[in-house]
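Visitor: Each residue of the sequence shown is one higher than the last, beginning at 83 in my numbering. Okay, handing you the structure first.
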Amino acid sequence: MGIYEDRLLPHLVDLTCGSKFLDATRERTCAGLHGRVVEIGFGSGRNVPFYPAAVKSVSAVEPADLGWKMAAERVAAATAPVERAGLDGQSLPFPDDSFDSALSTWTLCTIPDVAAALAEVQRVLAPGGTFHFVEHGRAPDAKVRTWQNRLNPIQKVIAGGCHLNRDIRGLVEAAGFEIRDLDVFYEAHTPKSYGALTLGVAVTP
Ligand SMILES: C[S@@+](CC[C@H](N)C(=O)[O-])C[C@H]1O[C@@H](n2cnc3c(N)ncnc32)[C@H](O)[C@@H]1O
């Protein structure tokens with residue numbers, strides 16, 4: 083990673099993803115997490131306050147050292163132990179069937195080989211394990227999609243490889259998950275190209 087990705091981007095991510103108006107969406111996404119949890123793209127730990135009491139431990143996967151450092155206070159205040167256990171969602175350092183739940187928030191947009199990451203999440207979840215996600219991605223409306231496709235090349239450069247137009251539902255299904263709950267909506271405070279959210283829970287067969 084370069085200086086921008088190492089030293090500036092984690093602050094930018096924390097500022098944008100840390101907006102208070104996203105808290106309710108985080109809480110919804112985390113509802114039902116339980117047991118041993120793996121969180122990919124942990125960032126600065128913005129989901130930690132929303133882990134339910136049923137969560138027993140969290141293995142955080144995050145490449146940015148600064149993001150992990152910025153999470154320190156939230157990690158210290160967590161109701162379950164949280165450890166940084168991996169650096170790359172595309173290659174998880176855990177045996178098969180290690181977790182009861184997995185979590186990803188605003189991360190599948192950025193991981194370069196997102197299919198590999200989803201295959202890894204599927205592998206490390208025990209049968210019947212739940213994958214909880216909220217991601218921005220391909221909008222339901224054609225007009226918005228046109229803008230997403232136009233803005234995507236710039237977004238990738240300024241936002242550390244973030245894509246605006248990934249088909250989140252399609253990717254999750256293609257990885258072999260069964261979708262249990264799904265909501266696709268525009269986040270009210272964000273321009274539609276950036277705020278087309280897919281929130282759901284998918285289950286390993
Ligand atoms: C937009 S941020 C979201 C952070 C956090 N999930 C949140 O909701 O605030 C995307 C995160 O994905 C992380 N990331 C990038 N590439 C990754 C990879 N290959 N594996 C895991 N995480 C990755 C980034 O470092 C960053 O923390």
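We treat Cβ as the ideally placed atom computed from N, Cα and C, and that holds for glycine.
In the structure shown, what three-state DSSP assignment does ALA201 receive?
Guide: Helix.
Visitor: On a Cα-Cα basis, can you pick out the residue from THR111, ASP105, LEU169 and TYR86 that is closest to VAL216?
Guide: That would be THR111, whose Cα lies nearest to the Cα of VAL216.
Visitor: Can at least three beta-carbon pairs, one atom from the region 85-97 and one from the region 124-139, be found at a separation below 8 Å?
Guide: The region 85-97 is in contact with the region 124-139.
Visitor: Taking all protein chains shown into account, decide if ASP182 is buried (16 or more other Cβ within 10 angstroms of its Cβ) or exposed.
Guide: Buried: at least 16 other Cβ atoms inside 10 Å.
Visitor: Quick check: what's the CA-CA separation for ARG262 versus LEU185?
Guide: Rounded to whole angstroms, ARG262 to LEU185 spans 15 Å at the Cα level.
Visitor: Output the distance between the C-alpha atoms of LEU207 and ASP178, rounded to the nearest integer angstrom.
Guide: When rounded, the distance between both Cα atoms is 7 Å.
Visitor: Whose C-beta lies closer than 7 Å to the C-beta of ALA162 among residues of the same chain, with five residues either side of it excluded?
Guide: Excluding sequence neighbours, ALA162 sits near TYR133, VAL137, LYS138, SER139 and VAL140.
Visitor: For ligand 1, I want to know if ASN234 counts as a neighbour, meaning its beta carbon is within less than 7 Å of at least one of the ligand's heavy atoms.
Guide: ASN234: no, Cβ never under 7 Å from ligand 1.
Visitor: Within 8 Å, do at least three Cβ pairs link the region 261-279 to the region 216-226?
Guide: They touch, by the three-pair rule.
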